[in-house]
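**Student:** One structure, as structure tokens, below. Some questions next.
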Amino acid sequence: MRDSDTSGEREHLRRVTTLRLRQMKEAGQKIVCLTAYDALIARIFDEVGVDVIIVGDSLGNVFQGHETTIPVTLEEMIYHTKAVVRGVRRALVVTDMPFMSYQISVEEAFRNAGRVMKEGGAGAVKLEGGERVVETVARMTAAGIPVMGHLGLTPQSIHQFGTYRVRGTEPKEAQQILRDAKLLEEAGAFAVVLEKIPAELAREVTRSLAIPTIGIGAGVHCDGQVLVYTDMLGLTVDFRPRFVRRYENLAERIRQVVAQYADDVRAQRFPSEEESY
Ligand code: KIV
Numbered sequence: 000m001r002d003s004d005t006s007g008e009r010e011h012l013r014r015v016t017t018l019r020l021r022q023m024k025e026a027g028q029k030i031v032c033l034t035a036y037d038a039l040i041a042r043i044f045d046e047v048g049v050d051v052i053i054v055g056d057s058l059g060n061v062f063q064g065h066e067t068t069i070p071v072t073l074e075e076m077i078y079h080t081k082a083v084v085r086g087v088r089r090a091l092v093v094t095d096m097p098f099m100s101y102q103i104s105v106e107e108a109f110r111n112a113g114r115v116m117k118e119g120g121a122g123a124v125k126l127e128g129g130e131r132v133v134e135t136v137a138r139m140t141a142a143g144i145p146v147m148g149h150l151g152l153t154p155q156s157i158h159q160f161g162t163y164r165v166r167g168t169e170p171k172e173a174q175q176i177l178r179d180a181k182l183l184e185e186a187g188a189f190a191v192v193l194e195k196i197p198a199e200l201a202r203e204v205t206r207s208l209a210i211p212t213i214g215i216g217a218g219v220h221c222d223g224q225v226l227v228y229t230d231m232l233g234l235t236v237d238f239r240p241r242f243v244r245r246y247e248n249l250a251e252r253i254r255q256v257v258a259q260y261a262d263d264v265r266a267q268r269f270p271s272e273e274e275s276y
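Per numbering that gives the first Met the number 0: the sequence shown = residues 0 to 276.
Below, the structure is given as structure tokens:
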């Protein structure tokens, strides 16, 4: 009893690796993934057993208050990665390469990914795009930098597409997504995020790859799911796409407790004698 408890505990604490994620796919075990941007939240997710924590450049929207992810810098991604890594013992931490940190040249992308790993402490990087980033992905993975791809809706290209509509609804676009996914796998990517594409297309991509797919708005057939944590906890109240399940209404809860605190301060109910020296 004691022994199995200990090995169960060890299993629970075993670090999630890219190999482990592939084994999970093979075993039909779904991969649980969430974003995080600081140590406090990352620690909670890690303790609960979230497998992959993505330091998403969505922090540009939800943390910094920008309209898009475009303004986020490499330095900011490294800063948030350092914080998240401090809170994590088990999960694989994957950091987004921000806009223009990997598009200029393969060499520059390689150097920047190295900084995210060395200075930030990430376990892997994520970059958006298919065919056009394949050479970069190959260069990184050949040097031991694990790369997660990101296909479908790629928010860094918002100004090129001009809309956040579902991707891959037309046969040509769907074929390109499938082709891009295979190219990323061949280039050595260990997983691919599929964002906002039809569930049937995500099923086809998932079936045709040996590496796991992680869906966000891509249906139930992906090997894992990710959500931006502020969306699923109900902190980002104005953002309500169909694919977000809101598990909590934290914005409302915070409003209530802060109003309570304000009342207590104004009525001199806080601090009490027990809370004073
Ligand atoms: O930036 C982000 O949060 C993402 C998610 C899809 C994981 O890319």
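We treat Cβ as the ideally placed atom computed from N, Cα and C, and that holds for glycine.
Compute every distance between the C-beta of ASP179 and the non-hydrogen atoms of the ligand KIV, then say whether any falls below 7 Å.
**Tutor:** Residue side-chain check: ASP179 keeps its Cβ at 7 Å or more from all non-hydrogen atoms of the ligand KIV.
**Student:** Measuring only from the beta carbon, is THR80 closer than 7 Å to any heavy atom that is part of the ligand KIV?
**Tutor:** Flag unset: Cβ of THR80 not near the ligand KIV.
**Student:** Closer than 8 Å by C-beta to ASP262: which residues in its own chain qualify, once you throw out the five before and the five after it? Chain order, please.
**Tutor:** ARG268
**Student:** Under the DSSP definition of a beta bridge, which residues are partnered with THR162?
**Tutor:** Answer by DSSP bridge pairing: none, since THR162 is not bridged.
**Student:** Can you list, in chain order, the residues of its chain whose CB lies under 7 Å from that of ARG14, leaving out five sequence neighbours each side?
**Tutor:** ARG89
**Student:** Kindly list the residues whose CB is nearer than 7 Å to the CB of GLU130, restricted to its own chain and excluding five residues on each side of it in sequence; keep chain order.
**Tutor:** ASP179, LEU182.
**Student:** Does the separation of the CB atoms of VAL54 and ALA38 fall below 8 Å?
**Tutor:** no
**Student:** Looking at C-alpha atoms only, which residue of LEU91, GLN175, ARG239 is the closest neighbour of VAL49?
**Tutor:** LEU91
**Student:** Output yes or no for whether 8 Å exceeds the beta carbon distance between LEU126 and VAL146.
**Tutor:** yes
**Student:** Beta-carbon separation of VAL191 and GLY122 under 8 Å?
**Tutor:** Remark: C-beta atoms of VAL191 and GLY122 do not approach each other more closely than 8 Å.
**Student:** Skipping 5 residues on each side, what residues in its chain have a beta carbon closer than 7 Å to that of ILE69?
**Tutor:** PHE98, GLN155
**Student:** According to DSSP, is VAL125 helix, strand or coil?
**Tutor:** Here residue 125 is Lys; the residue named in the question, Val, does not match the sequence. Under the three-state reduction of DSSP, LYS125 is assigned to strand.
**Student:** Nearest by alpha-carbon distance to SER57: which of ARG42, THR153, GLY86, THR212 is it?
**Tutor:** THR153
**Student:** Could you check whether ALA186 and ALA137 sit closer than 8 Å to each other, using their CB atoms as the reference points?
**Tutor:** At the C-beta level, ALA137 and ALA186 come within 8 Å of one another.
**Student:** Using a Cβ-Cβ cut-off of 8 Å (strictly less than) and excluding sequence neighbours within five positions of SER207, which residues of its own chain qualify?
**Tutor:** LEU177, ALA180, LYS181
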